[in-house]
Each structure stands twice: as C-alpha cells, then as structure tokens.
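*Asks:* Numbers -25 to -1, 1 to 483, taken from mature numbering (1 follows the signal peptide of the UniProt record, and there is no 0), label the letters of the sequence shown in order.
Backbone N, C-alpha and C define an ideal beta-carbon position, used for all residues, glycine too.
No experiment lies behind these values; they were computed from the predicted model shown.
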Amino acid sequence: MGRAAAAAAVLAAAAACAVAGVAVGRRVSSRRKWGRVIDVLKELEEGCDTPVGRLKQVVDAVAVEMHAGLASEGGSKLRMLLTFVDNLPSGREKGTFYALDLGGTYFRVLRVQLGGQRSSILSHDVERQPIPEHLMTGRTKDLFDFIASVFKQFVEREESGSGYPLDRRRDLGFTFSFPVKQTSVSSGILMKWTKGFAIEDMVGKEVVACLQEAFTRNGLDVRVAALVNDTVGTLALGHYHDADTVAAVIIGTGTNACYVERTDAIIKCQGLLTTSGGMVVNMEWGNFWSSHLPRTSYDVDLDADSPNPNDQGFEKMISGMYLGEIVRRVILRMTLESDIFGPVSSKLSIPFILRTPLMAAMHEDDSPDLTEVERILRDILEVRDVPLKVRKLAVNVCDVVTRRAARLAAAGIVGILKKIGRDGSGGIVSGRSRPDTRMRRTVVAIEGGLYTNYGMFREYLNEAVVEILGEEVAQHVILRETEDGSGIGAALLAASNSSRNVDTVQML
Ligand code: ADP
Ligand code: MG
C-alpha cells in the first residue's frame, strides 16, 4: 500500500469510527431523553396515586366537611346550600311543563308532558344549543335575552297548531347550575360563577328576576315555579323513577352533588321545619378540599392560571372542563424535558386546546397503531411524526389523569353515603341484624357528559365504589344513570310546586 493509500485507509477508518460514535452518541442521548420522559410519567403516577387507603381518607374528609358545612355558614369549603326542596315529585303530577337548563357548555330547553302516574312521562322534547362563548363573560341582559329568545322559538315550534296563545301563562323549572343562595324554592341569589362564566354584573342578583325580566321583554308570560341546581333536577328525576334515590351527582363540564338531609341535622338553620322532615342540600362539592387529595404540580399551576384560584379544587381534578387541560400540561412538560414529541409546537402551549372529549378519544383508541392518538396529536396539538411508543405514552398520561378523577369522584359519593349512614358501617342485612341497622337499598342518580360518554371514566368510578365499600355492601348501592334529569327533574319540580299539583311524597 502506498503512503497515500494508507493515509486514505486511516482516514476512512477514522471517519467510520466517527459515524459509529455519533450513532452511539445519538442512541445514548435518545435513551437519556426517553429516561427523562419516563421520570415525568413516574412522577405523575406517584402524584396521582389513589390507593384505597387514601380514598377512604377522602371519604372521611368529605363526611367531616359535610358536618362542618351544615353546622355553620362558612364552616367548610363545602357550602351545603339549602334548596328549599322539601318534597320530591310523587309521580301523580299532570300537565305540560317546561324547563330551561343552563349548564356549563350547553343550554337546553325542554317540554315535558306528565300523565299523572309514576314513570309516565308521556313525552319530552329537548333542544340543545351550545352557549355562545361571548355570552359567558358579557352582560346579564344579553345572556338572558338569548335564553328567552331560544325558549320563545322552541315554544312556538312545539305548540304550533295547538291553539295555545303565546301570551298565556306557562309553568317552568329553571336549572341554573351555579352556586345560588336560595331564598325559596323559586328564588335565589347568585353567589359566584364557576366553569368559566364571568358575568360580573350578575353576582349578587336575584336569578329568577333576571330571567323573568327577559321573558317580559320577549312578550312571554312564564311562571318560574322552581329554581334548581342541576343536581337537584337529577335527584328529582331519579326519585321519580325510584324512591330509594337519596343523592345525585353531576359529572359534566363541572361536578357537584346533592342529597336528602334530615332537617334536624342542618344545625346552621335551626328551627327549619318541613312537612317531610327533610330537605335536599346542594353540597357544591366542586369546592371540596382536603390535604388527602393527591395534588400534583400540574394542578397547582392550572389553579394559579385559572380565573378562580384557590376555588373549586375538587372540580379542577375531576370534571370535564379540566381533564384535557391537565393532560396538555403534562405533554408540554414532557416536550420541554426532551424532544420525543418533537419541537414545542405553538398549539401545545395554548391552554384548554385539548378538550376532554378529544383526550377521551385518545385514551379509548383501541386501534393497533393508535391512529386516533396520532390524528389528535397532529391536528389539534400540531405534534407530528410521533412514533408508536410515544403515542402509547400519551395514552398512559390520559389514563393516569382520568383514573384519579374517577376514583376521587367515587370517594365523594361514598362520603355522602357515610354521612347519611348508608355506607354499611351500621351493618348490612343479615338474619340477626335489627331492622334499623340494615343496609338499605340505596340509589345514587348520576348524570353529565363525562360520566355518560366516557366509558373508561365510568368504569374506573364504578370499580372504585366497590373497592371502597367492599363487595357485600356495594351490592346494595346502585349508581343509576339518568338522562336529561337536570332538565326533566326541573320540570317535575315545577309541576310539584305548581298550584295544579299539590300531591307530594315523603322523601326520607
Ligand atoms: P353541561 O355540563 O354543560 O351541563 P354535559 O353534562 O353534557 O353538559 O357535559 C358536557 C361535558 O362533558 C363536556 O364539557 C365535556 O367535558 C364532557 N364530555 C362530553 N362528551 C365527552 C366524551 N365523549 N368524553 C369525555 N368527556 C366528554
Ligand atoms: Mg348539565
């Protein structure tokens, strides 16, 4: 070999070594990056861990806070609001009633015809519309004029040809799913907004008066016979179908629960007398807080960046408004820690861009290549060319966040059962037990888009209730999904509170 050839050979060998070195270096660095991302996932899993022991601590904390909220005004983060609903529909109500349901994302109008026999809702018609975003943060008048005009069009369409004049009186139940200080079953004052609403001039105002004025402006004669929270509507429908229904839970855009309480246990309102001896209490459980809740840095940051920091802490871990956003924050952190999701896309930095239904679709993608995950990452977050193992990682994140949410909601439900002695701690049915210590059949009505449409969430919740209560006790507890209960229930309550229907049933 000549010197030139020898030099070329040495150079070639050196070059080959260099290439191999770069490849090894890349592999090492990519392994290191993968390791960093796995650390982020592990930290998330640990932070969101909800072993049954911890859930039981949450159960106890819910029951304790319920007592405190009933003992004095402001005694707990659980407001435990009186609803003045002291009787639930009997099933004997008759006639046509309307309902308006102002939720978090949607607005529904309903017309319900009641036949006078239990379970005979002759028909009900619903129209659902998204609430235009600009109305959520605008002026009171604009929001209520929108509601009244949708209602008017609905009535005109529904009653066309019936000969019922538009200016004749109608009875209506208004479902208004925000914290309200009720002054009677058909009146109350807005205490604060939640779920992204912020209409400043409405806080402290009489809710029904705002609606009634808008009806008048629109030439309608409507009597608002009941102002209810969505949980209360759901309880009313649940109880209408099954008299063992003692509580109702909503898990949609937001989350909340109500239940039937003995009036003598509502210490903060001494002397409260009702014919039934009970009253529905709206817990406003979205604001529940306890040091036992598994909180991560993502929750802390989400809360700090929200329009209502230090507020609605339980809701921010559970409800549909927030789950997708928590997942986005985790994926963003993973992207900042390494480049396995590629460079940080501008979309990934936009708060709330990953809506919970999309996150659920990623979680429930059962295609072998996770094509739906790929599509959502690409189309929504502008994260492209992600290998399968990274797509799997994204599914993992969704799973951790949803499992925690569902299990905490389950602990909340068992907390209510504990407070009212339906968690089996007083003993369950057996030949020897006294009748008053028997575990009675107990039904909890559940509603809301997250629970209804997100199968994995529902499974995790149902599973956790059994895990906390134990199989034997859990046999007596039925979680029953209702549909449109928040609206139909409001119409039922309007019916039972209208002068046309005075029959009611005992609810305790
Ligand atoms: P609202 O809370 O406005 O009364 P819903 O009870 O219908 O309305 O809940 C709507 C919420 O439920 C949405 O904001 C979303 O967070 C959640 N949701 C709806 N569909 C799905 C789905 N397929 N998967 C997961 N979450 C869903
Ligand atoms: Mg709703």
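1) Helix or strand or just coil, what does DSSP make of H99?
2) Residues in its own chain within less than 7 Å of G170 by CB, not counting five upstream and five downstream?
3) Between M292 and ligand 1, is there a pair consisting of the residue's CB and a ligand heavy atom that are separated by less than 7 Å?
4) Can the beta-carbon of residue 537 be found closer than 8 Å to that of T206?
5) From V178 to E188, what does the alpha carbon distance come to, in whole angstroms?
6) Using three-state DSSP, classify Q450 as helix, strand or coil.
7) With ligand 1 as the reference, list in chain order each residue whose Cβ lies under 5 Å from any of its heavy atoms.
8) Quick check on T191: buried or exposed, where buried means 16 or more other Cβ atoms within 10 Å of its Cβ?
9) Decide if the segment 244 to 261 is in contact with the segment 288 to 295; the criterion is three or more beta carbon pairs, one per stretch, under 8 Å apart.
10) Can you tell me where the beta strand (DSSP E) holding F432 begins and where it ends?
11) Identify every run of the alpha helix (DSSP H) within the segment 59 to 133, keeping only runs that are complete inside it and at least 4 residues long; order them along the chain.
12) Going along the chain, which unbroken runs of the alpha helix (DSSP H) with 4 or more residues stay wholly within the segment 302 to 348?
13) May I ask you to check if the CB of D205 is nearer than 7 Å to at least one heavy atom of ligand 2?
14) Spell out whether any CB of chain D is found under 8 Å from the CB atom of S162.
15) Of the choices G445, V199, Y273 and L307, whose alpha-carbon is the least far from that of T150?
16) I want to check one thing, is the minimum distance from the CB of D76 to the heavy atoms of ligand 2 below 7 Å?
17) Is the closest heavy atom of ligand 2 to the C-beta of I106 under 7 Å?
18) Using DSSP's beta-bridge definition, name the partner residues of C233.
19) Is any non-hydrogen atom of ligand 3 found closer than 7 Å to the C-beta of I421, if you look at the structure I gave you?
20) Taking its Cβ as the centre, do 16 or more other Cβ atoms sit within 10 Å of L363, making it buried, or is it exposed?
21) A469 to T209, Cα distance in whole Å?
22) Do A201 and P64 have their C-beta atoms closer together than 8 Å?
23) Could you tell me if the beta carbon of I225 falls within a distance shorter than 7 Å of some heavy atom in ligand 2?
24) Just to confirm, is the Cβ distance from A335 to E347 under 8 Å?
25) Please report how far the alpha carbon of T250 lies from the alpha carbon of L298, in whole angstroms.
26) Within the chosen definition, does the segment 58 to 73 reach the segment 37 to 50 through at least 3 CB pairs nearer than 8 Å?
27) Does the segment 363 to 376 come within contact of the segment 420 to 428, defined as at least 3 CB pairs closer than 8 Å?
28) Could you tell me which of S5, V27, L329 and D14 sits nearest to P269, measuring between CA atoms?
29) With DSSP as the reference, label E181 as helix, strand or coil.
30) Suppose you measure from the CA of L56 to the CA of D35; what does that come to, to the nearest Å?
31) Hey, which unbroken runs of the beta strand (DSSP E) at 3 residues or more fall wholly within the segment 252 to 297?
32) Considering only the alpha carbon of each residue, which of R353, S320, I301 and F121 lies closest to R330?
33) From the DSSP output, read off the bridge partner residues of S5.
34) Quick one, are the C-beta atoms of V182 and V155 less than 8 Å apart?
35) Since R350 sits in a beta bridge, which residues does DSSP pair it with?
36) Whole angstroms are fine: how far does the CA of D398 sit from the CA of A46?
*Replies:* Here's the rundown:
1) Position 124 of the sequence shown, counting from 1, holds the residue named residue 99. In this structure, H99 counts as strand in the three-state DSSP scheme.
2) Position 195 of the sequence shown holds residue 170. For clarity, residue 170 is Lys in the given sequence; the question names Gly instead. Answer for K170: G79, T228, G229 and M296, listed in chain order.
3) In the sequence shown, residue 292 corresponds to position 317, counting from 1. Distances taken from the Cβ of M292 to the heavy atoms of ligand 1 include none shorter than 7 Å.
4) Because the chain in this structure spans residues -25 to 483, residue 537 falls outside the shown range and cannot be described.
5) Within the sequence shown, residue 178 is the residue found at index 203, counting from 1. Within the sequence shown, residue 188 is the residue found at index 213, counting from 1. Answer to the nearest angstrom: the Cα atoms are 17 Å apart.
6) Position 475 of the sequence shown, counting from 1, holds the residue named residue 450. DSSP places Q450 in coil when its eight states are reduced to three.
7) This selection yields G78, G79, T80, Y81, G227, T228, G295, T331, P332, A335, G423, G424, L425, N428 and Y429.
8) As a first step, residue 191 must be located in the sequence shown, where it is residue number 216. Around the beta-carbon of T191, fewer than 16 other beta-carbon atoms lie within 10 Å, marking it exposed.
9) Short answer: they touch.
10) Locating residue 432 in the sequence shown gives position 457, where the first residue counts as 1. Run containing F432: none in the beta strand (DSSP E); it sits in the alpha helix (DSSP H), G430 to L444.
11) Entirely contained in the segment 59 to 133, the alpha helix (DSSP H) runs reaching 4 residues are, in chain order, 108 to 111 and 115 to 133.
12) When DSSP assignments are scanned along the segment 302 to 348, the uninterrupted stretches of alpha helix (DSSP H) that are 4 or more residues long and fall wholly within it turn out to be 331 to 338.
13) Within the sequence shown, numbered from 1, the residue matching residue 205 stands at position 230. Checking every heavy atom of ligand 2 against the Cβ of D205, one is found closer than 7 Å.
14) In the displayed structure, chain D is absent; only one protein chain is listed.
15) To locate residue 150, count along the sequence shown from 1; it is residue 175. Nearest Cα to T150 within the set G445, V199, Y273 and L307: V199.
16) Against the sequence shown, residue 76 aligns to sequence position 101. Correct: D76 has its Cβ closer than 7 Å to ligand 2.
17) Looking up residue 106 in the sequence shown gives position 131. Result no, Cβ not under 7 Å from ligand 2.
18) Counted from its first residue, the sequence shown places residue 233 at position 258. Answer by DSSP bridge pairing, in chain order: A223 and N257.
19) This structure lacks ligand 3; the ligands present are ligand 1 and ligand 2.
20) For the purposes of this step, residue 363 is taken as the residue at position 388 of the sequence shown. The C-beta of L363 has fewer than 16 other C-beta atoms within 10 Å across all chains shown, which makes the residue exposed.
21) For the purposes of this step, residue 469 is identified with residue 494 of the sequence shown, where counting begins at 1. For the purposes of this step, residue 209 is identified with residue 234 of the sequence shown, where counting begins at 1. If you take the alpha carbons of A469 and T209, they lie about 13 Å apart.
22) Here residue 201 corresponds to residue number 226 of the sequence shown, with the count starting at 1. Here residue 64 corresponds to residue number 89 of the sequence shown, with the count starting at 1. Result no, Cβ atoms of A201 and P64 do not sit closer than 8 Å.
23) Here residue 225 refers to the residue found at position 250 of the sequence shown. Result yes, Cβ under 7 Å from ligand 2.
24) Reading the sequence shown from its first residue, position 360 is the one you call residue 335. Reading the sequence shown from its first residue, position 372 is the one you call residue 347. No. Outside cutoff.
25) Stepping through the sequence shown from its first residue, residue 250 is reached at position 275. Stepping through the sequence shown from its first residue, residue 298 is reached at position 323. Straight-line spacing of the CA atoms in T250 and L298 works out to 42 Å.
26) Contact between the segment 58 to 73 and the segment 37 to 50 is not established, with fewer than three Cβ pairs separated by less than 8 Å.
27) These segments do not touch.
28) Counted from its first residue, the sequence shown places residue 269 at position 294. Of the candidates S5, V27, L329 and D14, the one whose C-alpha sits nearest the C-alpha of P269 is V27.
29) To locate residue 181, count along the sequence shown from 1; it is residue 206. Note: E181 maps to strand in three-state DSSP.
30) In the sequence shown, counting from the first residue as 1, residue 56 sits at position 81. In the sequence shown, counting from the first residue as 1, residue 35 sits at position 60. Spanning the two alpha carbons is a distance of roughly 20 Å.
31) DSSP runs (the beta strand (DSSP E)) wholly in the segment 252 to 297: 253 to 257.
32) Taking the sequence shown and counting its residues from 1, one reaches residue 330 at position 355. Of the candidates R353, S320, I301 and F121, the residue whose Cα lies closest to the Cα of R330 is I301.
33) The residue given as residue 5 occupies position 30 in the sequence shown. Paired residues: none, contrary to the question.
34) Counted from its first residue, the sequence shown places residue 182 at position 207. Counted from its first residue, the sequence shown places residue 155 at position 180. Taking C-beta atoms as the reference points, V182 and V155 count as a pair closer than 8 Å.
35) Counted from its first residue, the sequence shown places residue 350 at position 375. R350 is not bridged to any residue.
36) By 1-based counting over the sequence shown, the position of residue 46 is 71. By 1-based counting over the sequence shown, the position of residue 398 is 423. Cα to Cα, the separation comes out at about 22 Å.
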